[in-house]
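Below is one structure, written out as structure tokens; the observations come after it.
2 protein chains.
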Amino acid sequence: MEERGQALVERLRQEYLDALLVTSLPNVRYLTGFSGTNAILLVTATQRWLFTDFRYADQAAAEAGANAHVVIEATSLWRGLWETLRTLRSIHAVGFESAHLVHRDFERLLKDGTAWNWRPFVDLVERLREKKDPGELDNIREAARVAQAALAHTLPMVRPGMTELQVAGILEHALRDHGSEEHPFTTIVASGERTALPHARAGSRAIAHGDLLLLDFGATVSGYCSDVTRTVVVGQADDRQREVHAAVHAANEAARARVRSGMTGKEADAIARGVLERYGLSEAFGHGLGHGIGLEVHEGPRLSRMSEQVLPEGAVVTIEPGAYLSGWGGIRIEDNVRLSDAGAELLTDLPRQLIELT
Amino acid sequence: MEERGQALVERLRQEYLDALLVTSLPNVRYLTGFSGTNAILLVTATQRWLFTDFRYADQAAAEAGANAHVVIEATSLWRGLWETLRTLRSIHAVGFESAHLVHRDFERLLKDGTAWNWRPFVDLVERLREKKDPGELDNIREAARVAQAALAHTLPMVRPGMTELQVAGILEHALRDHGSEEHPFTTIVASGERTALPHARAGSRAIAHGDLLLLDFGATVSGYCSDVTRTVVVGQADDRQREVHAAVHAANEAARARVRSGMTGKEADAIARGVLERYGLSEAFGHGLGHGIGLEVHEGPRLSRMSEQVLPEGAVVTIEPGAYLSGWGGIRIEDNVRLSDAGAELLTDLPRQLIELT
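Written out as structure tokens, the structure reads:
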């Protein structure tokens, strides 16, 4: 926490900011440890104030008391912010999070904050979060282990005739039993043609013999997420299922072997996309290769056709090539890796060959 | 959907708006049926345009095709918005959702939208959503039924020594088996002293004999949520547990008997608060009596000390008095009701007397 604070203060200095107003809850958690759902944070070069409400009085003191002055507000967190800011000398330029401040709250700055010079920033704290420290990495590693254990428990229990929702129930139950404190996103269990929808939720469809079954899910450990996908066949695979799976598998393998820090998000994406192209499936790969994971399940850096950003050493990202064919189905194989100059260190180690549940 | 559209057009007329830009996803879903996670919606007196991305091409057409022109954008949804707006004549005043537009996107209006007169609104669509139509009510009723069935399945399986996470796993599994398509919020399973934290998540604490056990959870059916809480004793209750439970039970009962549409949120809240006061527990009731439920698990109207809003006929709200004593524990009993002039119609019908799991 100390190191994160220093890195942020250095960023404020570079941007000629006297203070930063943090309104993104994951950013608040990253900088203070506070995990509640209502808070704003003020950071200067030497101090921090965490404003939250009475529901979180005990929790804020326990989680963030060592890292910030905790201020409990009865009515509006903003009241405390203005009071605190008015007591501070030589605070003129204050940054705010342009992507995490709604217009209604921005108007407060214009109305009550005229004494300060407000400057919008995007991704200022998020960029610091991209490189994971050893404690963060341990949490993600454990979240990946929990996700794997849950899948290993679930697959042998899948039977034709079960609904997607029933499979989601088994999987989520196992995630809890293995210690996941929260489902980091809505569990995807899609079967048959529905696997062609990259963002299908589990539904009431009954799984048929011979169906593709795609499971995309994660675990949360001390706030840190894993995000894993496997696609299996319920029964024996047919030729087309084998072919498309082999292509996605090859794309996953190539990306894991060659993605490293120092390349751009676009270059990383191109590795998998090139493989799928050779299989005639580049059109079927409609999303990016991956994204950072951490306190949020989607964070920086992005591995996509659009991203010119250089991937930093220590980033933890998904590698998730897929191929989706409308009316037929889709296959995605998603792993979590830590990036360094030496390559991608695997955090997930589930089988990647085509599993047939027979 | 047709009726909702007409009600909105009437509101635009009242506010002298030629169009409304909708950026809240639940509001987009309410007005079009689209349930994806990336969309903006433009509404005029006669037409609607839903802008989303390629991932949702099929889904948007299926869900919203009858209610809006669906526009699939490859790069930015805003590109489509500007193109569409430029083709429209006599659109001058355009409303936007001040509580659902981040500063970064607000800057787009200032930069690319100079041809229009942008006017911020709060709760414009949300107010329409407060009064539920029969189809919405059916979904919430079913979501309440699913939540009840899941709790009835779970309680007999709780044993001292289980962790809160394990109980959450059983409960969520049952929610899925009974058809819940999504967990509408992070399941709260708190035991012992942790029940005093109104927003405790499930954790690794092992449940001990004699503990209070608080379960706060819900189901989702066709996008609509239920939100239910019961607090039980794992073993035989002691006198203090009985006392506090009786007080909260009485507050719940009084509120269910007397809350109705036409009173203010503050008056509704005062009914339960008055009962707890007589038991010397008004200080221990640190949150409001309830909130609306629907496409979101927290929506209007609010039943709280601060709310001067008159509760509308047809609103569906929670009734959830509680008492929290730091270092001892907390008890909450939460039901879901539909409001009318005649009173509060119960949608949840779980037992409210103190359950002892022996």
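So the protein lines, in turn, are chains A and B. Under this note's numbering, think of the first position of the first sequence as 54, with each following residue one higher. Under this note's numbering, think of the first position of the second sequence as 54, with each following residue one higher. Just so it is clear, CB atoms sit at the ideal spot from N, CA and C, and this is done for glycine as well. Since we're looking at a predicted model, the values are computed, not measured.
Applying a beta-carbon distance threshold of less than 8 Å, which residues of chain A neighbour residue 379 of chain B?
111
Whose C-beta lies closer than 7 Å to the C-beta of residue 225 of chain B among residues of the same chain, with five residues either side of it excluded?
236, 240
Is the Cβ-Cβ distance between residue 274 of chain B and residue 408 of chain B less than 8 Å?
One thing to note: residue 274 of chain B has its Cβ no nearer than 8 Å to the Cβ of residue 408 of chain B.
What residue range is occupied by the uninterrupted beta strand (DSSP E) comprising residue 344 of chain A?
From DSSP, the beta strand (DSSP E) with residue 344 of chain A extends over 343-345.
Give every residue of the same chain whose Cβ lies closer than 7 Å to the Cβ of residue 326 of chain A, excluding the five residues on either side of it in the sequence, and list them in chain order.
335, 338
Could you give the uninterrupted runs of the alpha helix (DSSP H) lying entirely in the segment 276-338 of chain B, keeping only those of 4 residues or more?
Counting whole runs of 4 or more residues, the segment 276-338 of chain B contains the alpha helix (DSSP H) stretches 292-311, 318-331.
I'd like to know if residue 4 of chain A contacts chain B, where contact means its C-beta is closer than 8 Å to some C-beta of that chain.
Lying outside 54 to 411, the shown extent of chain A, residue 4 of chain A is not represented and no answer is given.
Give the residues of chain B in contact with residue 230 of chain A, contact being defined as C-beta atoms less than 7 Å apart.
219, 222
Are the C-beta of residue 159 of chain A and some C-beta of chain B separated by less than 8 Å?
yes
Taking residue 122 of chain A as part of the beta strand (DSSP E), name the residues at either end of that continuous run.
122-126
Does DSSP put residue 378 of chain B in a helix, a strand or coil?
strand
So, is residue 354 of chain B buried or exposed, given that buried needs 16 or more other C-beta atoms within 10 angstroms?
buried
Is it the case that the segment 259-268 of chain B contacts the segment 212-220 of chain B, given that we only count it when at least three CB pairs across the two stretches are under 8 Å?
yes
Tell me whether residue 282 of chain B is buried or exposed, calling it buried when 16 or more other Cβ atoms sit within 10 Å of its Cβ.
buried
What number of angstroms, rounded off, separates the C-alpha of residue 107 of chain B from the C-alpha of residue 89 of chain A?
34 Å
The beta strand (DSSP E) that contains residue 386 of chain A, what's its start and end?
Run containing residue 386 of chain A: none; DSSP gives neither H nor E here.
Considering only the beta carbon of each residue, do residue 83 of chain B and residue 182 of chain B sit closer than 8 Å?
yes
Pull up the CB-CB distance for residue 321 of chain A and residue 308 of chain A, whole angstroms please, since I reckon it's below 8 Å.
7 Å
Hey, how far is the Cα of residue 56 of chain A from the Cα of residue 366 of chain A?
17 Å
Determine, for residue 90 of chain B, whether the minimum Cβ-Cβ distance to residues of chain A falls below 8 Å.
Interface residue, yes.
With a threshold of 8 Å, are at least 3 pairs of Cβ atoms found where one atom belongs to the segment 134-153 of chain B and the other to the segment 161-176 of chain B?
Verdict: yes, contact present.
Work out the CA separation of residue 187 of chain B and residue 347 of chain B for me, nearest whole Å.
12 Å
Any residues in the segment 141-174 of chain B with a beta carbon nearer than 7 Å to a beta carbon of chain A? Which ones, in chain order?
151, 152, 153, 154, 155, 156, 157, 159, 173
On a CA-only basis, which of B:358, B:246, B:294, B:405 is nearest residue 303 of chain B? Give me that one, please.
B:405
Helix or strand or just coil, what does DSSP make of residue 246 of chain B?
Here residue 246 of chain B sits in helix by DSSP.
In the DSSP output, which residue or residues are listed as bridge partners for residue 393 of chain B?
DSSP lists B:396 as partners of residue 393 of chain B.
For a contact defined as C-beta to C-beta under 8 Å, what are the partners of residue 265 of chain A on chain B?
None at all; the shortest Cβ gap to chain B is about 17 Å.
Closer than 9 Å between beta carbons: that is the criterion. Which residues of the segment 240-262 of chain B meet it against chain A?
240, 249, 250, 251, 252, 253, 254, 255, 256, 257
Under 8 Å, do residue 350 of chain A and residue 280 of chain A count as touching if we go by C-beta distance?
Against a cut-off of 8 Å, the Cβ pair of residue 280 of chain A and residue 350 of chain A comes out as a contact.
8 Å is my cut-off, CB to CB: does residue 235 of chain A come that close to chain B?
yes
Using DSSP with H/G/I as helix, E/B as strand and the rest coil, what is residue 20 of chain A?
In the structure as shown, chain A begins at 54 and stops at 411. Residue 20 of chain A is therefore absent and cannot be evaluated.
Taking a cut of 8 Å between CB atoms, which residues from the segment 96-108 of chain B lie near chain A?
107, 108
Near residue 380 of chain A, which residues of its chain fall below 8 Å by C-beta distance, leaving aside the five closest residues on each side in sequence?
246, 249
Going by beta carbon distance, what residues of the same chain come within less than 8 Å of residue 114 of chain A, once the five residues before and after it are set aside?
123
Given a limit of 9 Å on CB to CB distance, which residues of the segment 380-391 of chain A reach chain B?
none
Identify which residue in A:180, A:207, A:177 has its Cα closest to the Cα of residue 410 of chain A.
A:207
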